[in-house]
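Read through the structure below, which is laid out as structure tokens, and then see the notes.
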Amino acid sequence: MKLGFIGTGTLTAAIVTGLKSVADDPVSVVLSPRNEEIASNLASRYPNVHVAADNQAVLDVCDTVMLAVRPQIAHQVLPELRFRRGHHVISLIATLSREEIIGLTAPATRVTKALPMPMVAHRLGATIIYPPDPDVTALLGGLGKVIEVENSQEFDALSVATATYAAYFKYLDTIHHWLKAHGVPDTKGRDYIAALFKGLGHAPETAPDADFAHLAQDYATRGGINEQVLNELTAHNVFEALAESLDGVHRRISAAGAT
Ligand SMILES: NC(=O)c1ccc[n+]([C@@H]2O[C@H](COP(=O)([O-])OP(=O)(O)OC[C@H]3O[C@@H](n4cnc5c(N)ncnc54)[C@H](OP(=O)(O)O)[C@@H]3O)[C@@H](O)[C@H]2O)c1
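Per the working numbering, residue 1464 is the first one in the sequence shown, and the count goes up by one each step.
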């Protein structure tokens, strides 16, 4: 398979790195030349990754093309390109709807939206795709979990979950700062927190029948210190505030007509 990319930035680098870390990787990659440094770096690291002369040259030699430019410039870049009816377009542009992409890449009609995250470089995390497409699932399934989505509302709602990463790290940072303020050396505290939360990340997989509320209960021994923190944060409306933030992101995504 020959896979083209229009836009060679953070996400493209992550996808290519993930694809190239698979043994017996069958994908040959053609990159658009911007960003020059990222494109040439990827091409020098992997034998079957090449940089095309320009965006059109990517389309001319590839049947499957991932769109990975920022939304702000998509309206300027895509209308200048000649797509073919037979192109399979996989748009990674988070805030442009599938209908918009179909309009910008006509006469191509096979258009899939995918939302991979940079951790695909390490073949971790999950990618949502809409509408379900077996080829996209096969391609991105090697880079982590694929969640196929049947309608745009579900895609938008799932996208909201990806807005919580920074707050998650702020949560860990708060614990880290507290440990430092109580005499724990920086690296020791960081290592401890990283290992604890890596372990917690496995809990839903090891107890597949338990929902998150039950996991919270399981970890909150009655009268114990986990129950104390959970109760105190609940009393401070921390989780209500989180739910309100999710509503706000959802309104923003829905207003942009993302999917
Ligand atoms: N990063 C994420 O976590 C993430 C997750 C999901 C979806 N996405 C979506 O993925 C898309 C790319 O995100 P990103 O984080 O990879 O952005 P990025 O790092 O800014 O990459 C975009 C690349 O497009 C290049 N570019 C600019 N003008 C171009 C043109 N005329 N033709 C071709 N390429 C051009 C830029 O090159 P220069 O550096 O030379 O300007 C830049 O390297 C966005 O639409 C975003 O919504 C990102």
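For glycine and all other residues, C-beta sits at the position ideal for the given N, C-alpha and C.
- Look at the Cβ atom of SER1622, then the Cβ atom of ILE1469, and state whether they are nearer than 7 Å. Counting from 1 along the sequence shown, the entry for residue 1622 is found at position 159. Counting from 1 along the sequence shown, the entry for residue 1469 is found at position 6. Cβ atoms of SER1622 and ILE1469: not closer than 7 Å.
Excluding sequence positions up to five away, which residues of its chain have a Cβ less than 6 Å from the Cβ of VAL1540?
Taking the sequence shown and counting its residues from 1, one reaches residue 1540 at position 77. If we look at VAL1540 and ignore the five residues flanking it on each side, its Cβ neighbours are VAL1532.
Point to revise | Where the beta strand (DSSP E) through VAL1512 begins and ends | key: Taking the sequence shown and counting its residues from 1, one reaches residue 1512 at position 49. Per DSSP, VAL1512 belongs to the beta strand (DSSP E) from 1512-1514.
Option in MET1580, ASN1498, GLU1543, ASP1672 with minimal Cα separation from ILE1556: Here the question's residue 1556 lines up with position 93 in the sequence shown. For the residues MET1580, ASN1498, GLU1543, ASP1672, the minimum Cα distance to ILE1556 belongs to MET1580.
According to DSSP, VAL1528 sits in a beta bridge with which residue or residues? Numbered from its first residue, the sequence shown carries residue 1528 at position 65. According to DSSP, VAL1528 bridges with GLY1467, VAL1552.
Can you tell me which residues form a DSSP beta bridge with ILE1591? Counting from one through the sequence shown, the residue named residue 1591 turns up at place 128. Partner(s): LEU1578, ILE1610.
- Query: Just reading off the beta strand (DSSP E) that SER1491 is part of, what are its end residues?
  - Reply: As a working note, residue 1491 is residue 28 in the sequence shown. Element bounds for SER1491: 1491-1494.
Q. Ligand 1 heavy atoms versus the CB of VAL1479: any closer than 6 Å?
A. Working through the sequence shown from its first residue, we reach residue 1479 at position 16. Incorrect: VAL1479 has no Cβ contact closer than 6 Å to ligand 1.
Fill in: Nearest-angstrom beta carbon gap, PRO1595 and GLU1617 [assumed within contact, 8 Å]
Along the sequence shown, read from residue 1 onward, the residue named residue 1617 stands at position 154. Along the sequence shown, read from residue 1 onward, the residue named residue 1595 stands at position 132. Not confirmed; about 11 Å, so no contact.
* **For ARG1497, the three-state DSSP class (helix, strand or coil)** => Along the sequence shown, one-based indexing puts residue 1497 at 34. Three-state DSSP puts ARG1497 in coil, outside helix and strand.
### Message
For LEU1693, which residues in the same chain have their Cβ closer than 6 Å to its Cβ, ignoring the five residues on either side in sequence?
### Response
To locate residue 1693, count along the sequence shown from 1; it is residue 230. Result list for LEU1693: ALA1683, in chain order.
Report yes if the C-beta of LEU1505 is less than 6 Å from at least one heavy atom of ligand 1; otherwise report no.
By one-based count along the sequence shown, residue 1505 stands at place 42. Not under cutoff, so the answer is no.
| Under the three-state DSSP convention, the category ARG1547 falls into | For this step, residue 1547 is matched to residue 84 along the sequence shown. Reduced to three states, the DSSP call for ARG1547 is coil.
Can you look up ARG1508 in the DSSP assignment and give me helix, strand or coil? To locate residue 1508, count along the sequence shown from 1; it is residue 45. ARG1508 falls in the helix class under three-state DSSP.
*Closer than 6 Å: ILE1536 CB and nearest ligand 1 heavy atom*: In the sequence shown, counting from the first residue as 1, residue 1536 sits at position 73. Yes.
| Can you tell me whether VAL1599 is buried or exposed, with buried defined as 16 or more other CB within 10 angstroms of its CB? | Counting from 1 along the sequence shown, the entry for residue 1599 is found at position 136. Answer is buried; the Cβ neighbour count reaches 16.
- Item | Whole-angstrom distance between SER1503 and TYR1631, CA atom to CA atom | Along the sequence shown, read from residue 1 onward, the residue named residue 1631 stands at position 168. Along the sequence shown, read from residue 1 onward, the residue named residue 1503 stands at position 40. Answer to the nearest angstrom: the Cα atoms are 34 Å apart.
Could you round the C-beta distance between TYR1634 and SER1615 to whole angstroms and report it? I think they count as a contact, below 8 Å.
Here residue 1634 refers to the residue found at position 171 when the sequence shown is read from its first residue. Here residue 1615 refers to the residue found at position 152 when the sequence shown is read from its first residue. About 31 Å; that fails the 8 Å criterion.
Item to check | Range of the contiguous alpha helix (DSSP H) that encloses ASP1598 | outcome: Counting from 1 along the sequence shown, the entry for residue 1598 is found at position 135. Element bounds for ASP1598: 1597-1604.
Is any non-hydrogen atom of ligand 1 found closer than 6 Å to the C-beta of ARG1533, if you look at the structure I gave you?
Residue 1533 sits at position 70 when you count from the first residue of the sequence shown. Within the cutoff, so yes.
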